[in-house]
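Single-structure report; data block below.
Residue numbers (mature numbering (1 follows the signal peptide of the UniProt record, and there is no 0)): -20 to -1, 1 to 355.
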């Protein structure tokens, strides 16, 4: 009897286990069928494309999740009344972006537009919420500020600079910022689009909050180039020979280059003053003033800037007897590079005295070159 009971128990146990397994399998299949019946087939989702502005996230283009969400959210107003599936895609991809493989289109740089591109999303999650992939066509991706830009002249109000000593993009930019920073302009707000020797045009950069151009004017920076002054160049000897030379140079920067420079300038003018003096006898001796304005004891000519080297002997004074002495001066101009002109002044004296008499030979000269001007 006990044996029969044991057999009965085993049969009951097997029957119970089999029934439980069948019930479990039935429930699993039922849940699976229910899940599959609510699965969204992404291939059947038809969405309208259109223009989507990515300006607000332009600094996050490397983050695919943010770009994807921004594009999907941008589709909502373009698909009113047909956005139920789209909202579920947005919710799921926002919650777990790892369930999706996204093929993003090319993204526009600032102020650019990319037309007629598409984006594809493939669902790889383990549940049954979606299947297949979603393709969105006819997208127009833009990247521009929605705010109306101000005119650049609202923050660059000081645009006349008459005290420029050096002309270059860097020096002019510094002067503009120095004068206009109180109005809120920053270095990144503008760039020099054209620069000339008496004006420049600056333009708002694409990344700034401004638009338009401003003309900057200034006095011709080469109206007064500078001046040069030699020391007193002197030779004073007895029973011997001596000479002395002074060389002064003035290097002028031509930041815009030789070609642009010569389109505006071709000639250099200047003023010569100074003196020569020697101990020659009679009218050949004594002090003589140099003055190019009055033509006194000076040979003057304007120098040609187009020539690689042009020079002018501005004075020559010789005394010759038993003793002799000489004084000589010249000015020259030459190009030493594509962006630099060199002006050179040379003053030279030389003297000789014989032992046959008791006299010294003495000569000196000093020269000043002023009001140098290119025109």
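Each residue gets a CB set at the ideal place from its N, CA and C atoms; glycine is no exception.
Please report how far the alpha carbon of residue 41 lies from the alpha carbon of residue 290, in whole angstroms. Looking at the two C-alpha atoms, the distance is approximately 60 angstroms.
Contact set for residue 93: own chain, Cβ-Cβ below 6 angstroms, skip 5 residues either direction: Cβ neighbours of residue 93 beyond the five flanking positions: 122.
Length of the line joining the Cα atoms of residue 295 and residue 230: Rounded to the nearest whole angstrom, the CA to CA distance from residue 295 to residue 230 is 20 angstroms.
Within 10 Å of its beta-carbon, does residue 25 have 16 or more other beta-carbons around it, so buried, or fewer, so exposed? Residue 25 counts as buried, since at least 16 other C-beta atoms from the protein chains shown sit within 10 angstroms of its C-beta.
With burial defined as no fewer than 16 other Cβ atoms inside 10 Å of the residue's Cβ, what is the status of residue 174: buried or exposed? Exposed: under 16 other Cβ atoms inside 10 Å.
Beta-carbon contacts of residue 327 that lie in its chain and below 6 angstroms, excluding the five residues immediately before and after: Cβ within range, chain order: 210, 213, 226, 309, 345 and 347.
Under the three-state DSSP convention, the category residue 206 falls into: It is a strand residue.
Just mark residue 56 as buried or exposed, buried being the case when its beta carbon has 16 or more other beta carbons within 10 Å. Exposure of residue 56 is indicated by the presence of fewer than 16 other C-beta atoms within 10 angstroms of its C-beta.
Using only alpha-carbon positions, find the residue among 216, 200, 85 and 242 that is nearest to residue 257. The shortest C-alpha to C-alpha distance from residue 257 to any of 216, 200, 85 and 242 is the one to 216.
My parser needs the beta strand (DSSP E) runs of 3 or more residues fully inside the segment 258 to 337; what are they? With a minimum length of 3 residues, the continuous beta strand (DSSP E) runs that stay inside the segment 258 to 337 are 266 to 271, 289 to 300, 304 to 317 and 320 to 332.
May I ask you to report which of helix, strand or coil DSSP gives residue 238? Helix at residue 238.
If you follow the beta strand (DSSP E) that residue 233 is in, where does it begin and where does it stop? Counting along the chain, the beta strand (DSSP E) containing residue 233 begins and ends at 221 to 233.
Could you check if residue 349 is buried or exposed, using at least 16 other CB atoms within 10 Å of its CB as the buried criterion? Sixteen is the threshold: when 16 or more other Cβ atoms of the shown chains lie within 10 Å of the Cβ of residue 349, as they do, the residue is buried.
Enumerate in chain order the residues of its own chain whose CB-to-CB distance from residue 33 is below 6 angstroms, with the five nearest sequence positions on each side excluded. Cβ within range, chain order: 122.
Length of the line joining the Cα atoms of residue 47 and residue 78: Those two C-alpha atoms are separated by around 14 angstroms.
So is residue 149 in contact with chain B if we call contact Cβ pairs under 9 angstroms? Looking at the structure shown, chain B is missing, and only one protein chain is on hand.
Which class does residue 198 belong to by DSSP, given the choice of helix, strand or coil? Strand at residue 198.
So, at 6 angstroms on beta carbons, what are the nonlocal neighbours of residue 222 in its own chain, with the 5 sequence-adjacent residues on each side left out? Excluding sequence positions up to five before and after residue 222, its CB lies within less than 6 angstroms of the CB of 215 and 331, all in the same chain and listed in chain order.
At 3 residues or longer, what runs of the beta strand (DSSP E) sit wholly inside the segment 44 to 124? Listed in chain order, the beta strand (DSSP E) elements of length 3 or more contained wholly in the segment 44 to 124 are 80 to 83, 93 to 103 and 113 to 122.
Here's the rule: buried if 16 or more other CB atoms are within 10 angstroms of the residue's CB, otherwise exposed. What is residue 355? Burial call: exposed.
Whole-angstrom Cβ separation of residue 234 and residue 144, contact assumed at under 8 angstroms? The pair is not a contact, with the Cβ atoms about 14 angstroms apart (cut-off 8 angstroms).
Name the DSSP bridge partner or partners of residue 154? Within the DSSP bridge table, the entry for residue 154 names no partner.
Use the C-beta contact count for residue 273: other C-beta atoms within 10 angstroms, 16 or more gives buried, fewer gives exposed. It counts as exposed.
Taking residue 64 as the reference, give the member of 85, 20, 95 and 90 with the closest Cα. For residue 64, the nearest C-alpha among the options comes from 20.
Relative to the alpha-carbon of residue 178, which residue among 53, 197, 218 and 329 has its alpha-carbon at the smallest distance? Minimum Cα distance to residue 178 is reached at 197.
Simplified DSSP state of residue 21, which is helix, strand or coil: Here residue 21 sits in strand by DSSP.
Counting along the chain, where does the beta strand (DSSP E) carrying residue 353 start and finish? Taken as a continuous stretch (DSSP letters only), the beta strand (DSSP E) holding residue 353 covers 341 to 354.
Is the distance from the Cβ of residue 98 to the Cβ of residue 81 below 9 angstroms? No, the pair does not count as a contact, with Cβ atoms beyond the cut-off.
Please return the same chain residues whose Cβ sits closer than 6 angstroms to the Cβ of residue 83, not counting the five positions on each side in sequence. The beta carbon of residue 83 sits closer than 6 angstroms to the beta carbons of 100 from its chain, once the five residues preceding and following it are set aside; these are given in chain order.
Could you spell out where the beta strand (DSSP E) holding residue 41 opens and where it closes? For residue 41, there is no enclosing beta strand (DSSP E), as DSSP marks it with neither H nor E.
Could you give the DSSP three-state label for residue 10: helix, strand or coil? The predicted position of residue 10 is uncertain, since its pLDDT is 48 and thus under 50; a value taken from the coordinates is nonetheless stated next. Note: residue 10 maps to helix in three-state DSSP.
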